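Asks:
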Amino acid sequence: MTDQPKIIALVDGSIYSASVCDHAAWIARRTGAPVELIHVLGRREASDMHDHSGAIALGARTALMQQLAELDAQRAKLISHRGRAILEDAQALLEKAGVTDVTTRLRHGDIVEAVADVEADARVILIGKRGEAADFAKGHLGSNLERIVRASHKPVFVASRAFRPISKVLVAYDGGASAMKAVDHIARSPLFRGLRVHVVTVGSATPQVMQGLADAQARLQAAGIAAETSVLPGQPETALARLVEEAQFDMLVMGAYGHSRIRSLIIGSTTTAMIRACKVPVVLIR
0 MTDQPKIIAL VDGSIYSASV CDHAAWIARR TGAPVELIHV LGRREASDMH
50 DHSGAIALGA RTALMQQLAE LDAQRAKLIS HRGRAILEDA QALLEKAGVT
100 DVTTRLRHGD IVEAVADVEA DARVILIGKR GEAADFAKGH LGSNLERIVR
150 ASHKPVFVAS RAFRPISKVL VAYDGGASAM KAVDHIARSP LFRGLRVHVV
200 TVGSATPQVM QGLADAQARL QAAGIAAETS VLPGQPETAL ARLVEEAQFD
250 MLVMGAYGHS RIRSLIIGST TTAMIRACKV PVVLIR
């Protein structure tokens with residue numbers, strides 16, 4: 000095992016879990032980083048020891064309570080077994096893809112707390128766009144994703160529904176601190192070596208915007224990354240999603256927040272709209 004930062008991949012058994020594994024394998028192969036697979040049993044899943052008996056005559060109550068306690072124990076055990084099975088399946092997918100440095104961890108409690116406990120050792124947090132209710136929730140993001148993006152200080156890689164080879168990357172650049180940090184991250188990371196990168200600002204081509212794009216391009220080219228720049232008219236969420244689709248970009252990288260005083264409280268509205276609209280993976284940089 001190695002001491003280098005890990006790819007933390009969150010798997011939940013949803014239809015997105017296979018994609019999370021495929022993307023984790025792709026990142027691992029390009030960076031040489033180890034993968035840690037984590038499955039979190041929520042507090043409600045892990046224990047459900049409520050009094051289900053209601054107002055039952057005292058004689059029947061004791062026996063019923065005992066039966067219910069046994070059922071709860073069986074249920075907790077089954078949920079734990081299911082979690083381990085999900086982790087074993089995910090590990091098998093990664094090993095089949097040629098990634099051998101893989102560890103697994105079954106956690107109890109809150110998923111954001113679980114991520115907070117491990118993110119000091121993380122290179123990136125990898126999560127599916129939606130969770131186990133994915134088929135029923137196409138219109139909105141998984142609540143856990145939004146909470147993790149708000150809380151995490153490491154890049155968050157949001158896997159799309161299915162993996163496809165990644166060669167062409169779009170970077171949404173608004174001149175803000177997190178956008179500049181995103182460009183710097185791309186310049187320093189082996190993940191982006193050999194990929195084609197296009198940096199775009201949505202809005203008007205003011206001298207300040209053009210200077211910002213020139214600075215971003217220079218930073219990437221100094222790192223040996225071929226980068227183009229452009230300015231798009233329109234609203235960020237619609238213009239960027241359209242560009243991703245029409246120009247067939249394979250991945251979108253953006254700062255997790257735009258210019259906003261309350262950016263520490265919520266994900267930027269553009270960020271949320273972009274994750275929802277894009278059918279490609281989205282990497283969010285704080």
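Numbering (numbering that gives the first Met the number 0), first residue to last: 0 to 285.
For every residue, glycine included, the Cβ atom is placed at its ideal position computed from N, Cα and C.
Since the structure is predicted, the reported quantities are computational estimates derived from the model, not experimental observations.
Cutting at 6 Å between CB atoms, please list the residues of its own chain near residue 110, excluding the five before and the five after it.
Replies: Excluding positions up to five away in sequence, the list reads 39, 143.
Asks: Answer yes or no: do residue 8 and residue 125 have a C-beta to C-beta separation smaller than 8 Å?
Replies: For residue 8 and residue 125, yes; Cβs fall inside 8 Å.
Asks: Thinking C-beta only, is residue 98 closer than 8 Å to residue 27?
Replies: Closer than 8 Å, so yes.
Asks: Could you tell me whether the Cβ atoms of residue 281 and residue 127 are closer together than 8 Å?
Replies: No. Outside cutoff.
Asks: At which residue ranges does the stretch 208-252 contain complete beta strand (DSSP E) runs of 3 or more residues, listed in the order of the chain?
Replies: The qualifying runs are 226-231.
Asks: To the nearest angstrom, report how far apart residue 255 and residue 95 are at their CA atoms.
Replies: Approximately 33 Å between the Cα atoms of the pair.
Asks: Taking DSSP as the reference, what is the three-state secondary structure of residue 127?
Replies: Residue 127 falls in the strand class under three-state DSSP.
Asks: Whole angstroms is fine: what's the gap from residue 297's alpha carbon to residue 195's?
Replies: Coverage of the chain is limited to positions 0 through 285, which leaves residue 297 absent and any answer about it impossible.
Asks: Looking only at DSSP bridge pairs, what is residue 197 linked to?
Replies: Beta-bridge pairing links residue 197 to 169, 227.
Asks: Quick one: what's got a C-beta closer than 7 Å to residue 219's C-beta in the same chain, skipping five residues either side?
Replies: Counting only Cβ-Cβ distances below 7 Å, and skipping sequence neighbours, we find 182, 185, 186, 196, 226.
Asks: Tell me whether the beta-carbon of residue 160 lies closer than 8 Å to the beta-carbon of residue 14.
Replies: Yes, these two residues count as a Cβ contact at 8 Å.
Asks: Given that a residue counts as buried once 16 or more other Cβ atoms are within 10 Å of its Cβ, and exposed if not, what is residue 368?
Replies: Summary: the structure shown does not reach residue 368, with the chain confined to residues 0 through 285, and so no result is reported for it.
Asks: In whole angstroms, what separates the C-alpha of residue 155 from that of residue 63?
Replies: Those two C-alpha atoms are separated by around 47 Å.
Asks: Counting C-beta neighbours from all protein chains within 10 Å, is the total for residue 33 16 or more, i.e. buried, or is it exposed?
Replies: Buried: at least 16 other Cβ atoms inside 10 Å.
Asks: Here's a check: name, in chain order, each residue in its chain whose Cβ is nearer than 7 Å to the Cβ of residue 82, leaving out the five neighbours to either side.
Replies: Excluding sequence neighbours, residue 82 sits near 38, 40, 105.
Asks: Under three-state DSSP, which class holds residue 1?
Replies: Its pLDDT being 49, under 50, residue 1 is placed unreliably by the model, and nothing is read from it.
Asks: Assign residue 48 to one of two classes, buried (16 or more other C-beta atoms within 10 Å of its C-beta) or exposed (fewer than that).
Replies: Unreliable placement is indicated for residue 48, whose pLDDT of 47 sits below 50; no coordinate value is reported for it.
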